[in-house]
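J.: Here you go, one structure.
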Amino acid sequence: MNKKIGFTCAYTPVPLIEAAGFSPFRIFPESKAPDQAGHLLHDNLCPHVKKVLDRALEDDLPELEGMIFINSCDSMRRLADAWHEARPDDPIILLDLPSGINSLSLDFLSKEYERLAKTLFKWNNESFSTKKIKDTIARWNLLAASVKKIEKKMSRNYFPGIASKLQQIINTAATDSTDKALLMAQHKIDPEESPKGGQSPVFVFGNLLFDPKVYDLFEKWNVHVTASDFCTTSRFVTPVDITADDNIFRSLASSYMEQTPCARTMDTTKPGSIAQKIVQRAKESNAKGVIGFTLKFCDPYLARIPMIRQALQKESIPFLMLEGDCTMGSMGQQQTRIEAFTEMLGV
Amino acid sequence: MMYDHFDNAVKGITDKLNQDPHGINARKKYVLELSRLGKKLYSKDENIAWCGVTAPFDLLGSMGVTSCFVEFVGAMLSSTQTAGYFFEEAEDSGFATDSCAYHRAVMGAVLKNAMPEPDFIIGTSSPCTAGLAIVENFAHQYKKDFFLLNVPQNYTQDAIKYLSAQLEEMVRFVSDHTKRPLSKQKLGIALENFNASSQLLKEIYDLAKTNPSPVDNNILKDFGTVITLLMGTQKGIDICQAFKDELNHRIKTRREHASKEKIRLMWIQNRIQYPFPINEMLEDLGAVIVVDELNDVTWDPMDPDNPFESIAKRMISIPFSMDASERIKHLQGLAGAYRIDGAINPCHWGCRQGTGIRGLISKGMKDINVPVLNLEIDCVDSRNLAKGQIETRVEAFLEMLS
Ligand code: SF4
Ligand code: SF4
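Protein sequence lines, in the order shown, are assigned to chains A and B. Going by our numbering, the first sequence opens with residue 32, and the numbers climb by one from there. Going by our numbering, the second sequence opens with residue 66, and the numbers climb by one from there.
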């Protein structure tokens, strides 16, 4: 089994981890570990950060050779701070992630990614190799293309079980290996059954929804997920356009900044454009309605939901906003609201 | 409404100052200047920029822009007890009660058209994610151009270069809007003013370290953050000088509160903005807040020949910009320099930036044997204030310290 590198944020380029000879291990906030993160930080932080810290405090993690943190938001910064206390022996690298996209921020992030790559090779006593990075990016891009293909299928027709299978593939890429995920995508995903009708087409978005079983539940509740935008779904499998720049790290930076829309990153030339992006993605995926699922205490989303609501309203796209933690358990409480929403949407 | 509020404040304070022409009255002069700034912001004939907390107000001022951080208005609404109406507006529009109330108040004011429309907006990624998100909302709501300053949290050469380059780009952005180029001479004067103010601040803080301290619980309240709005101007120097004179005068005349000082406290992050007699209560019990976390000069003097790099370094040096270990080191340094007996951390509800490291701060202070009282309180929204409970906890804490 490969040595693992832990990470928590979708802006972490998995190809760099694999190029350095490690396996990626995204730490999902899923654990039976008792709630204790609040003592080290505060209870008013998002359940993502708190649960990941609970796992660290309870040693509910595989052996890790190091941790990558990205300062994507205050809560993530606090998680990185607390990690030093929770697991003082872990080597840690914290990357600065700009909030806006422009040429200066791309330059800066490319240097941060380069720093990450060099650190990872060093952690594994490997000599730095751009070729290895390019090779892993090539395989990652194949995966990203397969994921896109599957999403396209999902947006056109309802194939029972496909959303959950897609999530399994993405989770494999996040916690095991790109190659395994690619294999799954290529061999297991083709729908054996023909498309079915009777479900309401819905676009879902938010910060985290990673449990494949959640997507099965959605189907039980008459939802046909036409596409999704979470940092644990296809947003995570960002294709890297290596032709974008001669410098591989700059290519990585522009791909991750520009192709990964997330509430914490903004296009300063179009303030509030996250709302337009969601409208656009909902329309492109042929959804009739949108469900937002965000975590409690998540500032990047809390502050943008009003704009998103407004934009959807303007387009007469029905919107259901759900808030909770990211567990299956909390999903159960949403059944009635989701069923009422799909009933209202019709088929 | 807001213009009238500031106008009345200017008139009222000016009258009081006129009645006492020989008094030093530093705090009154300071509030007067802030009220004048408020009036300018609402006067409609200035170039206005709404900003994030760490924006370079000296640089903006030198370019003829009247600028202010949006949280200043949130605090003002809270202190005048008018915030409730604006919270409700923001909450009805979907802004969650779990968010920072500085932002909720000011967003409510935007939605109620109670804020002057800016010419443009300058966001800063420090101190907080929430602040940046709210100024993006401003830009969206007003349909105004938005410039964002990313303040890196790692104090490296690359980070400093990156922020300096952004500042240069910001200058171009501002010039495009005001149609005025940056005057090197005016910037030089602003930076010299800033340096003179910084030097006076150091002296003020040194005086506050005296044992017993000449400060009372109100005089330097929220000073370090807000004075940055004025530091690039001659007025800023005058205000700082007045504070220095006042503290010297107090030491000389042994007129104080300080004579009653039994317990020396540090206040962490924000003070409580709405009327809540905690300062008086502390005073009655012989406790003096001798230092606020944000009352410190963490930067080197600005270099007028290298303005952008100096400002960049200053912005990163603020304890909130860097990671928790740096912030804790800073708190520990203050604790030693001011010889405090204990610290109060109000743990402002909704602040992931500051309150988010409540536990780590307590631990860091425990390492140097300084007890911390963590209050769970919203510093801006008083609607759920458990007054009795807070008072009991403060009393018990002070009893333990004495
Ligand atoms: S973006 Fe939101 S969900 Fe993600 S770590 Fe930050 S606060 Fe938590
Ligand atoms: S209290 Fe915290 S969240 Fe609110 S403005 Fe200050 S740093 Fe930001």
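We treat Cβ as the ideally placed atom computed from N, Cα and C, and that holds for glycine.
Looking only at its own chain, which residues have a Cβ that is under 6 Å from the Cβ of B/Met235, when we skip the five neighbours before and after it?
T.: The residue you call residue 235 of chain B lines up with position 170 of the second sequence. Closer than 6 Å at the Cβ level, and outside the excluded window around B/Met235, lie Phe212.
J.: Since A/Leu135 contacts A/Ile36 with CB under 8 Å, what's their CB separation in whole angstroms?
T.: Residue numbering aside, residue 135 of chain A sits at position 104 when the first sequence is read from its first letter. Residue numbering aside, residue 36 of chain A sits at position 5 when the first sequence is read from its first letter. With a Cβ gap of about 28 Å, A/Leu135 and A/Ile36 do not count as contacting.
J.: By the 7 Å beta-carbon criterion, what residues does the region 206-226 of chain B contribute toward chain E?
T.: Protein chains A and B are contained in the structure displayed, whereas chain E is not.
J.: Between A/Thr257 and A/Asn188, what straight-line distance do the alpha-carbon atoms span, to the nearest angstrom?
T.: For the purposes of this step, residue 257 of chain A is taken as residue 226 along the first sequence, with counting starting at 1. For the purposes of this step, residue 188 of chain A is taken as residue 157 along the first sequence, with counting starting at 1. Computed Cα separation, rounded: 8 Å.
J.: Closest to B/Asp357 by CA distance: which of B/Glu136, B/Val239, B/Leu214, B/Ile405 is it?
T.: Sequence index remark: in the second sequence, residue 357 of chain B carries index 292 (1-based). B/Asp357 has its Cα closest to that of B/Ile405, out of B/Glu136, B/Val239, B/Leu214, B/Ile405.
J.: Per the contact definition of three or more C-beta pairs closer than 8 Å, is the region 314-330 of chain A in contact with the region 168-177 of chain A?
T.: They do not touch, by the three-pair rule.
J.: State the start and end residues of the unbroken alpha helix (DSSP H) segment that holds B/Asn439.
T.: Counted from its first residue, the second sequence places residue 439 of chain B at position 374. Per DSSP, B/Asn439 belongs to no alpha helix (DSSP H); it is in the beta strand (DSSP E), 437-439.
J.: Using 8 Å as the threshold, is the region 243-261 of chain A in touch with the region 179-194 of chain A, meaning 3 or more CB pairs across them?
T.: yes
J.: Please name the residue, chosen from B/Tyr270, B/Phe185, B/Gly301, that lies closest to B/Thr475 on a Cα-to-Cα basis.
T.: Outside the displayed range of chain B (66 to 467) lies residue 475 of chain B, so it cannot be described from this structure.
J.: From A/Ile339, A/Val245, A/Gln290, A/Ala205, pick the residue whose C-alpha is nearest to that of A/Ile48; which is it?
T.: Locating residue 48 of chain A in the first sequence gives position 17, counting from the first residue. Checked all of A/Ile339, A/Val245, A/Gln290, A/Ala205; the closest Cα to A/Ile48 is A/Ala205.
J.: Would the beta-carbon of B/Thr194 fall within 8 Å of that of A/Asp105?
T.: Stepping through the second sequence from its first residue, residue 194 of chain B is reached at position 129. Stepping through the first sequence from its first residue, residue 105 of chain A is reached at position 74. Yes. Within cutoff.
J.: When we look at the beta-carbon of B/Asp69 and count the other beta-carbons within 10 Å, is it buried (16 or more) or exposed?
T.: Start at 1 with the first residue of the second sequence, and residue 69 of chain B comes out as number 4. With fewer than 16 Cβ atoms within 10 Å of its Cβ, B/Asp69 is classed as exposed.
J.: Which residue's Cα is closest to the Cα of B/Asp361: B/Ala389, B/Met430, B/Lys226, B/Phe385?
T.: Taking the second sequence and counting its residues from 1, one reaches residue 361 of chain B at position 296. Measuring from the Cα of B/Asp361, the nearest candidate turns out to be B/Phe385.
J.: How big is the Cα-Cα spacing for A/Asn75 and A/Leu326?
T.: Residue mapping note: residue 75 of chain A aligns to position 44 of the first sequence, counting from 1. Residue mapping note: residue 326 of chain A aligns to position 295 of the first sequence, counting from 1. Distance between the alpha carbons of A/Asn75 and A/Leu326: 11 Å.
J.: Helix, strand or coil for B/His339, going by three-state DSSP, please let me know.
T.: Residue numbering aside, residue 339 of chain B sits at position 274 when the second sequence is read from its first letter. The sequence given here places Tyr at residue 339 of chain B; His does not occur at that position. In this structure, B/Tyr339 counts as coil in the three-state DSSP scheme.
J.: Report yes if the C-beta distance between A/Phe261 and A/Gly237 is below 8 Å; otherwise report no.
T.: Walking along the first sequence from the start, residue 261 of chain A turns up at place 230. Walking along the first sequence from the start, residue 237 of chain A turns up at place 206. Their beta carbons are under 8 Å apart, which means A/Phe261 touches A/Gly237 by this criterion.
J.: For the region 358-380 of chain B, which residues have a beta carbon sitting closer than 7 Å to at least one beta carbon of chain A?
T.: Flagged: no residues at all.
J.: Can you check DSSP and say which residues form a bridge with B/Asn112?
T.: Residue mapping note: residue 112 of chain B aligns to position 47 of the second sequence, counting from 1. Partner(s): B/Val130.
J.: Tell me whether B/Gly88 is buried or exposed, calling it buried when 16 or more other Cβ atoms sit within 10 Å of its Cβ.
T.: Looking up residue 88 of chain B in the second sequence gives position 23. Burial call: exposed.
J.: In this structure, what does DSSP give as the bridge partners for A/Glu354?
T.: Here residue 354 of chain A is taken as the residue at index 323 of the first sequence, counted from 1. Paired residue(s): A/Thr325.
J.: Measuring only from the beta carbon, is A/Cys357 closer than 7 Å to any heavy atom that is part of ligand 2?
T.: Position 326 of the first sequence holds residue 357 of chain A. Answer for A/Cys357: no, Cβ out of range of ligand 2.
J.: Going along the chain, which residues of the region 278-289 of chain A sit with their C-beta nearer than 9 Å to a C-beta in chain B?
T.: none
J.: Between which residues of its own chain and B/Gly421 is the CB-CB distance below 6 Å, once the five residues before and five after are set aside?
T.: Position 356 of the second sequence, counted from the start, is the residue given in the question as residue 421 of chain B. Correct list: empty, nothing qualifies.
J.: Just to confirm my understanding: we take A/Met107, look at its own chain, exclude 5 residues before and 5 after, and list those with CB closer than 8 Å. What are they?
T.: The residue given as residue 107 of chain A occupies position 76 in the first sequence. Within the same chain, A/Met107 has close Cβ partners Thr39, Cys40, Val80, Phe100, Ile101.
J.: Say whether the region 438-449 of chain B touches the region 414-429 of chain B, bearing in mind that this needs 3 or more beta-carbon pairs closer than 8 Å, one atom from each stretch.
T.: yes
J.: Going by C-alpha distance, which of B/Pro372, B/Lys177, B/Thr145, B/Ala148 is nearest B/Ser158?
T.: Your numbering for residue 158 of chain B matches position 93 in the second sequence. The option with the nearest alpha carbon to B/Ser158 is B/Lys177.
J.: I'd like to know if the region 109-125 of chain A and the region 196-203 of chain B are in contact, where contact means that at least 3 CB-CB pairs between them fall below 8 Å.
T.: no
J.: Which word fits A/Ala50, buried or exposed, when buried means at least 16 other C-beta atoms lie within 10 angstroms of its C-beta?
T.: Here residue 50 of chain A refers to the residue found at position 19 when the first sequence is read from its first residue. Buried, because 16 or more other Cβ atoms sit within 10 Å of the Cβ of A/Ala50.
J.: Check whether chain B comes within 8 Å of A/Pro299, counting only Cβ atoms and requiring the distance to be less than that.
T.: As a first step, residue 299 of chain A must be located in the first sequence, where it is residue number 268. The displayed chain sequence assigns Thr, not Pro, to residue 299 of chain A. Answer yes: the Cβ-Cβ gap between A/Thr299 and chain B drops below 8 Å somewhere.
J.: Report all residues from its chain with a CB closer than 7 Å to the CB of A/Pro129; omit the five preceding and five following residues, and keep chain order.
T.: The residue you call residue 129 of chain A lines up with position 98 of the first sequence. Within the same chain, A/Pro129 has close Cβ partners Ser136, Phe139, Leu140.
J.: Determine the DSSP secondary structure at A/Pro243, reduced to helix, strand or coil.
T.: To locate residue 243 of chain A, count along the first sequence from 1; it is residue 212. Reduced to three states, the DSSP call for A/Pro243 is helix.
J.: Can you give me, in chain order, the residues of the region 104-119 of chain A that have a beta carbon less than 8 Å from any beta carbon in chain B?
T.: Cys104, Asp105, Ser106, Arg108, Arg109, Ala111, Asp112, Ala113, His115, Glu116
J.: Pick out whichever of B/Ser427, B/Val435, B/Leu450, B/Glu441 has its Cα sitting closest to the Cα of B/Met468.
T.: Outside the displayed range of chain B (66 to 467) lies residue 468 of chain B, so it cannot be described from this structure.
J.: Using a C-beta to C-beta distance shorter than 9 Å, which residues of chain B count as neighbours of A/Ser141?
T.: Locating residue 141 of chain A in the first sequence gives position 110, where the first residue counts as 1. Neighbours of A/Ser141 on chain B: none; closest Cβ ~11 Å, over 9 Å.
J.: Using 8 Å as the cut-off, can you tell me whether the region 126-140 of chain B makes contact with the region 305-318 of chain B, which would need three or more C-beta pairs spanning the two stretches below that distance?
T.: no
J.: Let me have the residue list for ligand 1: C-beta closer than 5 Å to any non-hydrogen atom, ordered along the chain.
T.: A/Cys77, A/His79, A/Cys104, A/Ser106, A/Met107, A/Asn238, A/Leu326, A/Cys329, A/Pro331
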